[in-house]
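Take a look at the structure below.
Numbering (the numbering used here), first residue to last: 2 to 260.
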């Protein structure tokens, strides 16, 4: 771990280090780039040779155009692969009282838990012809600053995402419940909000006593009203901001309403 990250955490009094991940940017495929370059140059030579030869014999210089088109395609692909910007080296460290984020040689950015607007998981199953794999994305949005993304390029992304979202929820839930007790409304993006009376979206609301359960299936979240077989509301759980916070608060408020 770069010493500057630890120094930043000490300066901001973030406490003990819990976990850290860093990405491993893929190296450029120089062998493939060189091969495409050789093919492109060879195609240019052959294309011009064909054009000159056909022009002399039949006046049809355009017979060399297919080979020249191949040359342009190969050289363009070689240049694109060689100069396409890749993801910068990035570190994300999770501490007792917040996180530190550093990109390449830039100065690290430190955020206490209270400085973070929301945390979300956007995990998607990618299905291909000969198999499938999970594409993990942990999204962290500070109140000031850009979106922090931890994905499959980071070793240990799954465990890091699970532990960080759970830690964030433990810290955030008591704070948000206190806001509810003061009569405030807590928003979870633009999809949903909750208050002491219940949950809903805009004018469409349901009281806590009416909520029977909240289920998940195939990336969707279903909210059921007592006695109804069909879900009262269906929302995407993928990328839902502060999902664990929402579930913990909903359970606490529902229990409180029933008791």
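Virtual Cβ for every residue (Gly too), placed ideally from N, Cα, C.
Give the range of the beta strand (DSSP E) segment to which residue i is assigned.
i	result
residue 202	199–202
residue 23	18–23
residue 94	91–96
residue 280	The first residue shown for the chain is 2 and the last is 260, placing residue 280 beyond what the model contains.
residue 206	205–208
To which residues does DSSP link residue i through a beta bridge?
i	result
residue 250	The partner list for residue 250 (beta bridge, DSSP) is empty, contrary to what the question assumes.
residue 143	117
residue 181	Answer is none; residue 181 lacks a bridge partner.
residue 104	91
residue 137	Bridge partners of residue 137: none, in fact.
residue 255	The partner list for residue 255 (beta bridge, DSSP) is empty, contrary to what the question assumes.
residue 12	Paired residues: none, contrary to the question.
Give every residue of the same chain whose Cβ lies closer than 6 Å to the Cβ of residue i, excluding the five residues on either side of it in the sequence, and list them in chain order.
i	result
residue 16	96, 97, 98
residue 100	112
Please decide whether residue i counts as near chain C, where near means a Cβ-Cβ distance under 9 Å.
i	result
residue 121	Reference to chain C is not applicable here, since this structure consists of a single protein chain.
Round the Cβ separation of residue i and residue j to the nearest angstrom and send it over; I've been treating them as touching at under 8 Å.
i	j	result
residue 159	residue 137	6 Å
residue 125	residue 239	7 Å
residue 227	residue 211	6 Å
Kindly indicate the opening and closing residues of the alpha helix (DSSP H) around residue i.
i	result
residue 123	Segment: none, residue 123 is in no alpha helix (DSSP H) and carries neither H nor E.
Relative to the C-alpha of residue i, which candidate in the options has its C-alpha closest?
i	options	result
residue 115	178, 90, 172	172
residue 233	244, 215, 241, 245	215
residue 199	193, 208, 250	208
residue 144	236, 163, 110	110
residue 94	189, 130, 250, 161	161
residue 255	163, 19, 181	181
residue 246	120, 92, 219	120
residue 186	192, 196, 219, 179	196
Going along the chain, which residues of its own chain have a beta-carbon closer than 8 Å to the beta-carbon of residue i, five neighbours each way excluded?
i	result
residue 188	194
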